[in-house]
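**Student:** Below is one structure. I have some questions about it.
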Ligand code: C2E
Ligand code: CA
Ligand code: CA
Ligand code: CA
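Residue numbers (the UniProt record's numbering): 461 to 738.
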């Protein structure tokens, strides 16, 4: 709605200017934040059902800006994707997660695998598989420990992104399809993309205890995963009832506040299914 501003009425064009300005400011703040070390990673457990043993963790990036406070990744990742900073930020995220995993390994408390989210823009870089391989070598981590999480939309276009995913997989890295079921061509992608893990979106998990379409979809998705020999992870599990129902439907992996919130790496103690350093 138009409102009085400096003696004239604001127009839709003014609002667009404001949005563009805020996008540019946020982008500049991201650049500065990377240089000033304002980012850190938190890690959320992925557990086995029904016993709750930690089988993996997913790293999630956090940004604490001096004036803005905590800015959610849903807000700043898209900006970093649009201004290209995600390439550098993504590399920092990957290296930081690998250093953390190597540290857990030395302490004998490393889970079997760790997941890192990777955006479309990173996959579009032909050098990305080489960068990943170099970081793994530098931190002394075997590629089979790493799970790269990609969204359906990131690989929807086919082309370069799909080739990158293929090359990562050829290195021995596992590929997880994130937010599965929310994209344009969820099932079609499974025909062309090398994928080992399906992360079933929390929107299907939310109402899984109630009879209705979400429960039907959650049931179908576990059948697809099992039929193709893929691991399905139910995302956003918040209650014991949801966990029990997911287990009944055939889910053997879950992630969500019910099992553990994302926490800093130092807060990770151990898990009943840790691997010990060789
Ligand atoms: P995602 O990859 O689907 O991550 C899962 C999100 O669900 C996380 O939000 C997590 O904190 C949240 N979550 C976990 N358990 C529950 C639950 O039980 N209930 C609910 N309601 N939410 C739960 P977060 O950390 O805010 O991240 C949001 C999104 O931002 C991520 O979605 C991912 O798309 C992106 N993102 C986060 N970290 C990174 C990163 O390091 N790189 C890239 N490229 N994207 C990232
Ligand atoms: Ca993810
Ligand atoms: Ca997800
Ligand atoms: Ca998501």
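C-beta: ideal position from N, C-alpha, C; glycine also.
Is the distance from the Cβ of residue 689 to the Cβ of residue 716 below 8 Å?
**Tutor:** Not closer than 8 Å, so no.
**Student:** Could you confirm whether any beta carbon from chain B is found closer than 8 Å to the beta carbon of residue 709?
**Tutor:** Checking the listed chains, one finds no chain B in this structure; it contains a single protein chain.
**Student:** By Cβ distance, which residues of its chain are closer than 7 Å to residue 593, with the 5 residues on each side in sequence left out?
**Tutor:** Contacts found: 631.
**Student:** In terms of residues, what are the limits of the alpha helix (DSSP H) holding residue 472?
**Tutor:** Unbroken alpha helix (DSSP H) run through residue 472: 472–495.
**Student:** Determine the closest residue to residue 618 out of 600, 650, 640 and 638, with distance taken between C-alpha atoms.
**Tutor:** Closest by alpha carbon: 650.
**Student:** If we call anything under 8 Å between Cβ atoms a contact, is residue 518 one with residue 506?
**Tutor:** Yes. Within cutoff.
**Student:** Following a CB-centred definition, is residue 635 positioned closer than 7 Å to any heavy atom of ligand 1?
**Tutor:** Every heavy atom of ligand 1 is 7 Å or more from the Cβ of residue 635, so no.
**Student:** So what does DSSP say about residue 668, is it helix, strand or coil?
**Tutor:** Coil.
**Student:** Measure from the alpha carbon of residue 646 to the alpha carbon of each residue in 678, 612, 675 and 661, then state which is nearest.
**Tutor:** When each option's Cα is compared against that of residue 646, the closest is 612.
**Student:** Could you tell me which uninterrupted beta strand (DSSP E) segments, each at least 3 residues in length, are contained entirely in the region 529–577, listed from first to last along the chain?
**Tutor:** Qualifying beta strand (DSSP E) stretches, in chain order: 529–531 and 573–577.
**Student:** Assign residue 658 to buried or exposed, taking buried as 16 or more other Cβ atoms, counted over all protein chains shown, within 10 Å of its Cβ.
**Tutor:** Classification of residue 658: buried, given that the 10 Å Cβ count is 16 or more.
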